[in-house]
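Working notes, structure below.
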Amino acid sequence: MRKKHSLLLVLTVSLFFAIFYVSLRADAANSGSPAGIAVVCIPDVIDQSSYVDQMQNGVNEQREAKIKQLDKFQADLQAIKADIETRKRGSDDYNRLKKDYLLKEAEMKVQRDMLQEELMGLQQKAMEQVYEKILKTVAKVAQQQGYELVLDKDKVEFPAASANEMTLTIQTHKVLYHADYMDITSEIIAELDK
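In mature numbering (1 follows the signal peptide of the UniProt record, and there is no 0), the protein residues as written are -28 to -1, 1 to 166.
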């Protein structure tokens, strides 16, 4: 009798797990993606998101302000040069202005180099912030929609610019095919732009 109850219990538990497993597989099939997988085209998100545009506009405004400073510096330099040309070569004023001009010219070169470094840093920081926000948004949408895995869908353009570029594409291109329903790029853009 005890063996009969044990066997009945094992069969009942097995049946329960079988029903549970079939139910999970059916839910995954009905969710649009058999294994809870989705794809996102990051370049499209960057190109189409108003959030990314706002970040880029902020960087552009900072760049323009810095360039205006350099332009003013350049105008001051040109004024000194024009003043030098009105002076007699070898005079005290000429030598003083020439020295001032050369010092300001060297300072402007340093300022230009520093500006380039600063602008590259600003651009990098902005892109890091954008990418971090995209990753958080992808995680949020994936959790809301029940995806367990989200892959970056690369854009491949043919013909390649060079053999090296084609080799790099082959080595880095991971998603070779996906069904259209797996693409959640538009959902990511919508959530990012909220």
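Glycine included, every Cβ here is placed at the ideal spot set by N, Cα and C. Predicted model only: the values in this text are computed from it and were never measured.
Opening and closing residue of the alpha helix (DSSP H) in which residue i lies
i: residue 74; result: 64 to 117
i: residue 162; result: 157 to 164
i: residue 10; result: Unbroken run through residue 10 is the beta strand (DSSP E), 9 to 12; no alpha helix (DSSP H).
i: residue 130; result: Unbroken run through residue 130: none, as it is neither H nor E.
i: residue 44; result: 22 to 57
Best match in the options for proximity to residue i [C-alpha to C-alpha]
i: residue 72; options: 51, 90 and 91; result: 51
i: residue 148; options: 125, 155, 133 and 135; result: 125
i: residue 38; options: 18, 151 and 84; result: 84
i: residue 53; options: 117, 139, 67 and 34; result: 67
i: residue 110; options: 43, 158 and 41; result: 158
i: residue 113; options: 74, 156 and 57; result: 156
Contacts around residue i, its chain only, beta-carbon distance under 7 Å, and the 5 residues preceding and following it disregarded
i: residue 119; result: 5, 8, 9 and 10
i: residue 132; result: 138 and 141
Start and end residues, beta strand (DSSP E) containing residue i
i: residue 148; result: Looking at the DSSP string, residue 148 is not in any beta strand (DSSP E), and its letter there is neither H nor E.
i: residue 122; result: 121 to 124
Neighbourhood of residue i by C-beta, 6 Å cutoff - its chain only, sequence neighbours within 5 removed
i: residue 76; result: 49
8 Å Cβ shell around residue i - same chain, five flanking residues per side excluded
i: residue 90; result: 38
i: residue 23; result: 102, 105, 164 and 165
i: residue 162; result: none
i: residue 185; result: Coverage of the chain is limited to positions -28 through 166, which leaves residue 185 absent and any answer about it impossible.
i: residue 17; result: 24, 106, 157, 160, 161 and 164
Pairing CB atoms from the stretch 89 to 105 with CB atoms from the stretch 13 to 28, are three or more of them under 8 Å? yes
Across the stretch 48 to 63 and the stretch 107 to 122, are there enough close Cβ pairs to call them in contact, namely three or more that are closer than 8 Å? no
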